[in-house]
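S.K.:
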Ligand code: NAD
Ligand code: UDP
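Numbering (this note's numbering), first residue to last: 15 to 322.
(1) Just the C-alpha distance for residue 40 and residue 17, rounded to the nearest angstrom, thanks.
(2) Can you tell me which of the three DSSP states residue 145 falls into?
(3) If we require 4 or more residues per run, which alpha helix (DSSP H) segments fall completely within the stretch 178-253?
(4) According to DSSP, simplified to helix, strand and coil, what is residue 64?
(5) Here's the rule I'm using: 16 or more other beta-carbon atoms within 10 Å means buried, otherwise exposed. How should residue 7 be labelled?
(6) Tell me which residues share the same chain as residue 311 and place their Cβ nearer than 6 Å to its Cβ, disregarding the 5 neighbours each side in the sequence.
(7) Sort 201, 140, 62 and 182 by Cα distance to residue 308 and report the nearest one.
(8) Please classify residue 75 as buried or exposed, where buried requires at least 16 neighbouring CB atoms within 10 angstroms.
(9) From 191, 198, 112 and 144, pick the residue whose C-alpha is nearest to that of residue 92; which is it?
(10) So is residue 15 buried or exposed if we call it buried at 16+ other beta carbons inside 10 Å?
(11) Does residue 86 come out as helix, strand or coil in the three-state DSSP assignment?
(12) Check whether the Cβ of residue 105 sits closer than 7 Å to any heavy atom of the ligand NAD, and report yes or no.
(13) Taking the alpha-carbon of residue 57 as reference, which of 81, 32, 77 and 79 has the nearest alpha-carbon?
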C-alpha cells in the first residue's frame with residue numbers, strides 16, 4: 015500500500031484515477047479546489063477508509079507525508095481555462111513548483127499530467143514526443159499551453175538539479191463519464207445537445223481533427239507510467255483520428271437524435287489536426303488503447319442520460 019496524492023482528484027480524470035488507486039489497495043489523498051471538480055464525482059469513494067479529501071489550491075504550498083503524486087490539478091476545457099487565464103497559468107507553474115517541492119521533501123515520485131497542447135497547432139503529424147511543437151505564446155490558449163510547457167520544463171529542471179523522481183505524460187483528448195455537463199469540451203457538448211434534440215454546435219466547418227481516448231484506457235496508461243522506469247515525456251492517447259463533423263454525425267447516430275448540425279465561429283488558435291504517435295507508450299509501457307469510439311461513446315451517452 016502506498017500513500018498517493020492526486021491533485022485535481024475531484025475532476026473528470028482525477029476521480030477515475032482515485033477510484034482505480036483505491037481499488038488497487040492504496041491510500042489516496044484527493045486534493046482539489048473544486049473549480050471544475052465535483053463532490054458527485056467522488057461521493058462513492060468515501061466508502062473506502064483509505065480515501066481522504068482535502069480542499070486546497072495547489073498554488074499554495076501543501077504538506078503531507080506521501081509516496082507518490084499525480085499532479086492533475088488544472089482546468090482542461092478551453093472555456094474553463096480561459097475564464098481566468100492568469101489563475102490557469104499560476105495553477106500550472108506555481109502549482110507544479112509546490113508539488114515538486116513536496117516531492118523533494120518526501121522523496122516521492124511525481125507524475126505530471128501534461129497535454130497534447132504542448133504541440134500547439136502541430137506541423138508534424140502524427141505528433142511524436144520528439145516534436146517541439148508550434149505554440150502561439152500570446153494567444154487565448156497560451157495560458158494553458160505555455161503553462162503546461164513551463165511545468166514540463168520545471169519537472170526536467172528539478173530532475174536534473176535535485177534528482178527528483180519524475181514522470182511526464184502528454185494526454186490527448188480523453189472522454190467518458192464524470193465530465194461536467196457544462197464542461198464545454200466537444201464530446202460532452204455534442205452528447206448533451208443530441209440527448210436534448212438541440213442543435214449540435216460545430217465550430218468552423220468541422221474538418222479539424224482530434225483523436226479520442228476512452229477514460230479507462232487512459233487511467234491504465236497513467237498507472238503504468240507511474241510504475242515504469244521511464245521518466246517521459248510519453249504520449250497517451252488513442253491514435254484513431256476523426257474530424258469533428260464525423261464525431262457529430264456519429265453521436266447523432268448513436269443517440270438516435272433529431273438534432274441538426276449548425277456551424278459557429280471557430281475559436282482562435284484552434285488546432286487543425288491532432289493525433290498521437292504512441293510508439294513510445296507501446297514499447298515502454300506495453301500500453302495501447304482497447305476501447306473503440308462507439309463502445310466508449312455508448313458508455314458516455316448512458317452516463318449523461320442518467321444525469322439528465
Ligand atoms: P477537469 O477540469 O475535469 O479536472 C481538473 C481538476 O483540477 C478539477 O477537479 C479542478 O477543480 C481541479 N483544479 C483546478 N485548478 C486547481 C487548483 N489551482 N488547485 C487545486 N485543484 C484545482 O479536467 P480533466 O479533464 O480531469 O483534466 C485533468 C488533468 O489532465 C489536467 O491537468 C489536464 O490539463 C490534463 N489533460 C486532460 C485532457 C483531457 O482530454 N481530459 C487532455 C490533456 C491533458
Ligand atoms: N468543438 C466544436 N463544438 C463544440 C465544442 C468544441 O466544434 O461545441 C471543437 C473545437 O473547436 C475543437 C474540437 O471540437 O476543434 C475539440 O474541442 P475541445 O474543446 O473538446 O478540445 P481541444 O480543442 O482542447 O482539443
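C-beta: ideal position from N, C-alpha, C; glycine also. All figures in this text were calculated on a predicted structure; none of them were measured in a lab.
M.R.: Result, derived from the coordinates:
(1) 6 Å
(2) coil
(3) 200-209 and 229-241
(4) coil
(5) Since the displayed the chain opens at 15 and closes at 322, residue 7 lies outside it and no answer follows.
(6) 268
(7) 201
(8) exposed
(9) 198
(10) exposed
(11) coil
(12) yes
(13) 32
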